[in-house]
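Quick note: the sequence shown uses my numbering, first residue 660, plus one each step.
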Amino acid sequence: MKIVIIGTGYVGLVTGVCFAAVGNEVVCVDNNISKVKQLQEGIPTIYERGLDHFLKKNVFEKRISFTENLGEVVDSADLIFIAVGTPSKGESGETDLSYVLSVTEDIARTINHDAYVVIKSTAPVGTADKMKEKFHSVIKDLGKEDLNIFVSSNPEFLKEGTAIEDFMHPDRIVIGTDDAESKNRLSELYKIFEEDSGVPVVYTDVASAQLIKYASNAFNACKISFINSLTRYCDTVGADISDVAKGMGLDKRIGRAFLNAGIGYGGSCFPKDVASLKYEISKKTKNDTTGILSGIEDINYKAWHWIVELVESLISQNKVPAKPNVTILGLAFKPDTDDVRYSPAVNIITELSNICNIKTYDQIAMKNAEIALHKKEDEEISPNFDNITYCNYLNDAVTDADIVILCTEWDEFKCILADDIVSLMRGDIFIDGRNALDQKEMSMFFDYYCVGKPHIYKN
Ligand code: UGA
């Protein structure tokens, strides 16, 4: 099929490359010319495992191409996917649909036949109606009233870092349509997944498809916050959160995934989607049921803020100097990505840089973290940049540290040699925000704090 994808962020690019890999003719459109030029040469604009090879192969074999000129390509498309950003407007959680609507306007201006448009971006229920309204107002002005737009929803469930694998081997495919032709076209596109790999396809209306996406992300965020809600209690009563998660997870109704306790979820999806769902439910219904969503957010804040409070208490107990040297290992919101959006590590550095000297290290995400920290300059609590040093090597980062804090469980950190690290430090406190290391072994060298486990004091 001929597919046009608008937006070459991680969703659009991965979607485009994967549709091309299964035999479709794909054109990706982006208004950022330098991005388009880079992609035309087969060089990825994001860090995503396996993308480099997939992109080069499909560019070389001419199954995927890139352009900034939407008008040139929409007319020949069987389906037009919209994969542009849908960020939060601000504190309220309301979703900013301006990019989606501006793309809809561009389609209306340039297309000369009916448009079969699919929303890939995560966008709230009601977005399709707003797009139709925009489309019809533009074509009316242009005297093309006989044209129509059909809007479907086909949400993505890609995790950053494993996005290609998730696309090629999904748990399910969700197709939300309100017209027969869109359903035919989308089922034709996904036939290969359904027939060759037996992937279940959920056919539904547009509203339900959009809600499936929000509900799935909010539910997974809920699992994380649920387990994190038990961590301080575990510390206090001597229970081990990892064993609790294991025991719970063996119940097939619960499942073990997303029950890893730690400093909370981040990234471009969970925080934004929980906030958006909360906003939409409270706006549209009289019976406000958003308490559970507020609870998820509240516990997620407490999950990373616990680290700040722990460092403050170590200072007040004189276990470290009044202005300690603190090393933050890992800045990305999770391993295998350079994404630092809503990263707990960035929040922790922001607060701790006002009371500590910070050295930090992340093999991939350091540049992005520096930019993200600078964006926090005008916030109520802003970073003290004089106290932050970015290190290119792990050993430099831990040298002279009083406290080392692991925020992202990169493989590189999982195999650190405790005796090597402690010999470089001034102090011997290690806080493992992701329960990534072996508690018994670490406790031989460090005063080792982890999440939701009884504290073992160094021998
Ligand atoms: C998430 C969803 O998992 C995808 O299905 C969805 O498509 C995507 O959002 C999206 O809406 O685009 P992603 O944000 O890439 O994917 O990351 P996850 O792997 O889900 O992790 C999210 C956060 O939860 C990370 O900060 C991670 O460290 C944290 N997490 C995850 C935990 O703290 N504990 C866990 O047990 C699992």
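Each residue gets a CB set at the ideal place from its N, CA and C atoms; glycine is no exception.
- Inter-segment contact for the segment 728 to 739 and the segment 662 to 679 is present: three or more beta-carbon pairs are separated by less than 8 Å.
- Within the segment 973 to 1060, the runs of alpha helix (DSSP H) that reach at least 4 residues and sit entirely inside it are, in chain order, 1003 to 1011, 1025 to 1034 and 1053 to 1057.
- Y849 has its CB no nearer than 8 Å to any heavy atom of the ligand UGA.
- Placement of the Cβ of E939 at a distance of 8 Å or more from every heavy atom of the ligand UGA is found.
- Per DSSP, K748 is not a residue of any alpha helix (DSSP H), being assigned neither H nor E.
- Closest in C-alpha terms to L1083, from the list N984, G785 and G897, comes N984.
- In this structure, T996 sits away from I1017, with a CB-CB distance that is not shorter than 9 Å.
- Counting along the chain, no beta strand (DSSP E) covers I1080; the unbroken alpha helix (DSSP H) around it starts and ends at A1077 to L1083.
- Take I913, set aside five residues on each side of it, and the residues of its chain with a beta-carbon closer than 7 Å to its own are M907, in chain order.
- Counting other Cβ atoms within 10 Å of its Cβ, Y924 reaches 16 or more and is therefore classed as buried.
- Inter-segment contact for the segment 1083 to 1093 and the segment 969 to 989 is present: three or more beta-carbon pairs are separated by less than 8 Å.
- With contacts defined as CB atoms closer than 9 Å, S735 and K661 qualify as a contacting pair.
- Around the Cβ of A742, a 10 Å sphere holds 16 or more other Cβ atoms; the residue is buried.
- A distance below 6 Å between beta-carbons, with the five flanking residues on each side excluded, links I705 to the following residues of its chain, in chain order: Y669.
- In the DSSP assignment, S812 forms a beta bridge with I778 and G835.
- A direct Cα-to-Cα measurement between L1096 and E1071 gives close to 11 Å.
- In the three-state reduction of the DSSP assignment, Y960 falls in the helix class.
- In the three-state DSSP reduction, L738 falls in the strand class (E or B).
- Here T763 is buried. Its C-beta has 16 or more other C-beta atoms within 10 Å.
- A Cβ-Cβ distance of about 11 Å is found for the pair F826 and K779, leaving them out of contact under the 8 Å criterion.
- Between P994 and W1069 a beta carbon distance of about 5 Å is seen, short of the 8 Å cut, so the two are scored as contacting.
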